[in-house]
Structures are given as C-alpha cells and as structure tokens.
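Novice: Residue numbers (full-length UniProt numbering): 1 to 156.
Glycine included, every Cβ here is placed at the ideal spot set by N, Cα and C.
On a predicted model such as this, the values are computed, not experimentally measured, just so you know.
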C-alpha cells in the first residue's frame with residue numbers, strides 16, 4: 001500500500017480534430033519528435049469510421065504535461081495548437097474539443113515507469129489497469145499486456 005500511495009499520476013492534453021479528408025491515412029500512432037509539445041496522434045476513424053459522421057475523420061493528438069507546467073495549462077494548449085497548425089498546414093480541419101487530464105482525473109494513475117505490476121500480497125488478488133500496465137506498453141495496449149501477464153500468472 002505504501003508503494004501505491006507514492007505513485008505519481010501523469011497529466012496530459014488531448015486535442016480532437018475533425019476533417020472531411022484523411023489527415024494521417026492509417027490506424028497507427030504517429031510519433032511527432034519535431035513538435036514542441038504534441039507527442040503523438042492517431043486518426044481513430046481509420047479503425048472505427050462510426051466515430052465521425054458521414055465521410056468525416058476524427059484525429060486525436062496527445063501531449064504530456066510535465067508537473068512544473070500545470071500552472072500554465074493554457075500556454076501548453078496554445079503550443080499544442082501551434083504544433084497542429086504546423087503539422088497540417090494547408091489542410092482543412094476544425095478543432096472539435098480540447099481536454100486536459102491532471103490531478104484527480106489524470107491520464108494514467110501511475111506515470112511512466114511506475115507501474116506496480118499485477119500481483120499483490122493477497123492470494124488470488126491481481127491488479128490490471130492503467131497503474132499495472134505490461135512492460136513497454138502504453139495506454140490500452142499496455143493495459144492489455146497487463147491482462148495477458150495476469151492470465152499467465154493465473155494459468156501457471
């Protein structure tokens with residue numbers, strides 16, 4: 001329990017874009033090392049077209065907010081919006097929604113590298129979720145790796 005109490009949640013910003021044309025063209029995550037703030041993005045309608053009406057596309061960008069930048073959240077959002085403008089220069093899109101996750105509603109309950117694993121001191125009690133992701137995993141894929149690890153522990 002002491003280790004769980006010491007976990008530091010991660011904070012982030014998600015900016016959702018709508019477009020009548022594909023802006024990425026595949027269902028994977030695009031990493032953005034040349035952006036000032038945006039760390040990655042994906043076009044979720046390439047996996048599930050029902051997430052946007054008609055022939056439209058939904059693009060989600062993701063950016064980390066370091067703890068020392070939480071007091072300047074608006075500025076961090078503006079920098080992310082400038083990144084989008086640079087990445088999609090000349091493209092037709094609109095900003096649909098800007099979300100920030102921090103404090104009591106974080107991106108993940110355990111920041112990167114702090115995962116507590118799936119086993120507990122209590123026999124037959126296991127943990128899965130964003131605080132117990134599999135090694136090397138992020139977001140949903142990381143949670144799925146944690147479930148896979150837990151199933152392996154249960155079945156062996």
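Given a threshold of 16 other Cβ atoms within 10 Å of its Cβ, counted over all protein chains shown, does residue 55 qualify as buried or as exposed?
Specialist: It is exposed - the Cβ of residue 55 has fewer than 16 other Cβ atoms within 10 Å.
Novice: Determine the burial state of residue 61: buried for a count of at least 16 other Cβ atoms within 10 Å of its Cβ, exposed for fewer.
Specialist: Buried, because 16 or more other Cβ atoms sit within 10 Å of the Cβ of residue 61.
Novice: Using beta-carbon positions only, say whether residue 111 and residue 14 come within less than 8 Å of one another.
Specialist: No. Outside cutoff.
Novice: If you draw a straight line from the C-alpha of residue 102 to the C-alpha of residue 67, how long is it?
Specialist: Looking at the two C-alpha atoms, the distance is approximately 9 Å.
Novice: Find out if the Cβ-Cβ distance for the pair residue 84, residue 17 is shorter than 8 Å.
Specialist: Yes, Cβ-Cβ distance for residue 84 and residue 17 is below 8 Å.
Novice: Look up residue 108 in the DSSP assignment and say whether it is helix, strand or coil.
Specialist: When secondary structure is reduced to three states using DSSP, residue 108 falls in the strand class.
Novice: Cα separation between residue 11 and residue 109?
Specialist: 9 Å
Novice: Just grab the DSSP bridge partners of residue 60 for me.
Specialist: 16 and 42
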